[in-house]
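A.B. asks: Heads up: the sequence shown at position 267 corresponds to 267 in full-length UniProt numbering, and the numbers run straight through without jumps. A virtual CB, placed ideally from N, CA and C, is assigned to each residue, including glycine. First the structure, which I've put down as structure tokens, then a few questions once you've had a look.
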Amino acid sequence: MVFSLKWPLAILSSIVLGVTAGLTIPDLWKVETASAQGQQPQKQPQQTQQKSSFPDVQPNYWASPFIEGLAQEDIVAGYPDGTFRPNQNIEREEFAALIRQAFEVTEKRQISSGSEFNDVPENHWAVPAIEEAYQGGFMNAFSNNKLFYPQREMTRAEAITSLAQGLQLVKVRPAATAAQAGDRTSPSSEGKRPVAKRQLAFPVAFTAMMQPLLLIQRANAQPPSQPGPSVEEPTQQSFVTKQPTPDLTAYYTDADRIPSEATDPILAATQANIVVNHPDPSVLNPTDFLSRGSAAAMIYQSLVHAGRMEPLPDNSAANQYIVEPPAPKQP
Numbered sequence: 001m002v003f004s005l006k007w008p009l010a011i012l013s014s015i016v017l018g019v020t021a022g023l024t025i026p027d028l029w030k031v032e033t034a035s036a037q038g039q040q041p042q043k044q045p046q047q048t049q050q051k052s053s054f055p056d057v058q059p060n061y062w063a064s065p066f067i068e069g070l071a072q073e074d075i076v077a078g079y080p081d082g083t084f085r086p087n088q089n090i091e092r093e094e095f096a097a098l099i100r101q102a103f104e105v106t107e108k109r110q111i112s113s114g115s116e117f118n119d120v121p122e123n124h125w126a127v128p129a130i131e132e133a134y135q136g137g138f139m140n141a142f143s144n145n146k147l148f149y150p151q152r153e154m155t156r157a158e159a160i161t162s163l164a165q166g167l168q169l170v171k172v173r174p175a176a177t178a179a180q181a182g183d184r185t186s187p188s189s190e191g192k193r194p195v196a197k198r199q200l201a202f203p204v205a206f207t208a209m210m211q212p213l214l215l216i217q218r219a220n221a222q223p224p225s226q227p228g229p230s231v232e233e234p235t236q237q238s239f240v241t242k243q244p245t246p247d248l249t250a251y252y253t254d255a256d257r258i259p260s261e262a263t264d265p266i267l268a269a270t271q272a273n274i275v276v277n278h279p280d281p282s283v284l285n286p287t288d289f290l291s292r293g294s295a296a297a298m299i300y301q302s303l304v305h306a307g308r309m310e311p312l313p314d315n316s317a318a319n320q321y322i323v324e325p326p327a328p329k330q331p
């Protein structure tokens, strides 16, 4: 027995075109009905799925918009296996490399080379990044400028202070003094100039140090002496001019945990919308170590403040973690 089904020519044409366009039978019915009534058929919205640059940074990860934004600008890159490892703590040498990729550093104080520090060998992969981060005022030295501690993990307060200093959100000394710079004469504040870019040993954005050979070198290298629990922490050379202690309790419930030397920079960075706190924007956790995901978020916001990146879209869920000024009190 043979069944025959007669379709109007217009319907058959719509089916052929619809299948080609990826429409379903209900969609075809809407198209044909609209055509019969002389109406313009409605276009079906296309569903697009954002593809992550890193397999361990899913689109729903809280810092994904910041990380993806920096990845599109070639400011961050992943490990050799392609991962980003957003929850891993960031080290000072890594942060220096990130600063180098993100900003055009202007010299505010001078050193001959980033390897001038006793714990930074001349052939160290991050010598140019350390040099620029120090000369630009982003990062300070320890023990009378003798140590940099390149592999020390950074706290959140240290990272925010670094960005506030380098972006000149706080008053900073224009250059190192003669005692700080050895026998060299410090340049005047009027003589600021861009730091000359020198190629990194592994010229890959942000995580260049993650090459396998370098991992072997770092594993076999003798680490610089780190201050133990019973050893007094070496004094970090402050680059911030003393100012009245600000009231940060309006922003953070744990403001009492902020180191005194970091209050001015953190207030300035907060008011510039640079600080990003996950999961609660009112909790700063200043003495906790900074994760790579949080570092990317704050670098992204720093570039937004500098006018080099567009703010996240209004409908981005990540906006809720950017610290905003407190609402004015009702009279």
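Between the segment 122 to 138 and the segment 263 to 278, can you find at least three pairs of beta-carbon atoms closer than 8 angstroms?
C.D. replies: The answer is no - the segment 122 to 138 does not touch the segment 263 to 278, with fewer than three Cβ pairs under 8 angstroms.
A.B. asks: Look up Val127 in the DSSP assignment and say whether it is helix, strand or coil.
C.D. replies: Within the sequence shown, residue 127 is the residue found at index 127, counting from 1. Here Val127 sits in helix by DSSP.
A.B. asks: Where do the ends of the alpha helix (DSSP H) carrying Val304 lie?
C.D. replies: In the sequence shown, the residue the question calls residue 304 occupies position 304. Run containing Val304: 292 to 305, per the alpha helix (DSSP H) assignment.
A.B. asks: Tell me which residues share the same chain as Asn89 and place their Cβ nearer than 7 angstroms to its Cβ, disregarding the 5 neighbours each side in the sequence.
C.D. replies: Stepping through the sequence shown from its first residue, residue 89 is reached at position 89. Glu153, Phe289, Leu290, Ser291.
A.B. asks: Pull up the distance between the alpha-carbon of Asp119 and that of Phe138, whole angstroms please.
C.D. replies: Along the sequence shown, read from residue 1 onward, the residue named residue 119 stands at position 119. Along the sequence shown, read from residue 1 onward, the residue named residue 138 stands at position 138. One C-alpha to the other measures close to 19 angstroms.
A.B. asks: Exposed or buried, what is Ala318 when buried is set at 16 or more other beta-carbons lying within 10 Å of its beta-carbon?
C.D. replies: Along the sequence shown, read from residue 1 onward, the residue named residue 318 stands at position 318. That one is buried.
A.B. asks: Shortest alpha-carbon distance to Pro80 belongs to which of Tyr251, Asn123, Leu163, Phe54?
C.D. replies: Taking the first residue of the sequence shown as position 1, residue 80 is located at position 80. Checked all of Tyr251, Asn123, Leu163, Phe54; the closest Cα to Pro80 is Phe54.
A.B. asks: Would you list the residues sitting across from Phe54 in a DSSP beta bridge?
C.D. replies: By one-based count along the sequence shown, residue 54 stands at place 54. DSSP lists no partner for Phe54.
A.B. asks: Going by C-alpha distance, which of Pro281, Ser302, Lys108 is nearest Leu98?
C.D. replies: Indexing the sequence shown from 1 puts residue 98 at position 98. When only C-alpha atoms are compared, the closest one is Ser302.
A.B. asks: Under 8 angstroms, do Phe84 and Ile67 count as touching if we go by C-beta distance?
C.D. replies: Here residue 84 refers to the residue found at position 84 when the sequence shown is read from its first residue. Here residue 67 refers to the residue found at position 67 when the sequence shown is read from its first residue. Contact flag set, yes.
A.B. asks: For the alpha helix (DSSP H) holding Glu68, just list the boundary residues, first then last.
C.D. replies: The residue you call residue 68 lines up with position 68 of the sequence shown. Taken as a continuous stretch (DSSP letters only), the alpha helix (DSSP H) holding Glu68 covers 64 to 72.
A.B. asks: So, for Ala102: in the same chain, excluding its five sequence neighbours on each side, which residues have a beta-carbon less than 8 angstroms away from its beta-carbon?
C.D. replies: On the sequence shown, residue 102 is found 102 positions in, with the first residue counted as 1. Cβ within range, chain order: Leu70, Ile75, Ile299, Ser302, Leu303.
A.B. asks: What does the Cβ neighbour count give for Pro279, buried or exposed, with the cut at 16 atoms within 10 Å?
C.D. replies: Here residue 279 refers to the residue found at position 279 of the sequence shown. With fewer than 16 other Cβ atoms within 10 Å, it is exposed.
A.B. asks: Please classify Lys108 as buried or exposed, where buried requires at least 16 other C-beta atoms within 10 Å of its C-beta.
C.D. replies: Residue 108 sits at position 108 when you count from the first residue of the sequence shown. Lys108 should be labelled buried.
A.B. asks: Asn89 bridges to which residues according to DSSP?
C.D. replies: Position 89 of the sequence shown, counted from the start, is the residue given in the question as residue 89. Its beta-bridge partners are Ser291.
A.B. asks: Taking C-alpha atoms, which residue in Pro65, Tyr61, Asp56 lies nearest to Glu310?
C.D. replies: For the purposes of this step, residue 310 is taken as residue 310 along the sequence shown, with counting starting at 1. Closest by alpha carbon: Pro65.
A.B. asks: Kindly identify the DSSP beta-bridge partner or partners of Leu147.
C.D. replies: The residue you call residue 147 lines up with position 147 of the sequence shown. In the DSSP output, where bridge partners are listed per residue, Leu147 has Phe142.
A.B. asks: Pull the bridge partners of Val275 from the DSSP assignment, please.
C.D. replies: As a position in the sequence shown, residue 275 is number 275, starting the count at 1. In the DSSP output, where bridge partners are listed per residue, Val275 has none listed.
A.B. asks: What do you get for Gln165, buried or exposed, if any count of 16 or more other CB atoms within 10 angstroms of its CB means buried?
C.D. replies: Reading the sequence shown from its first residue, position 165 is the one you call residue 165. Gln165 comes out buried.
A.B. asks: Return the residue from the list Leu284, Pro325, Ala327 that minimises the CA-CA distance to Glu158.
C.D. replies: Start at 1 with the first residue of the sequence shown, and residue 158 comes out as number 158. Residue Leu284 is the option with its Cα nearest to Glu158.
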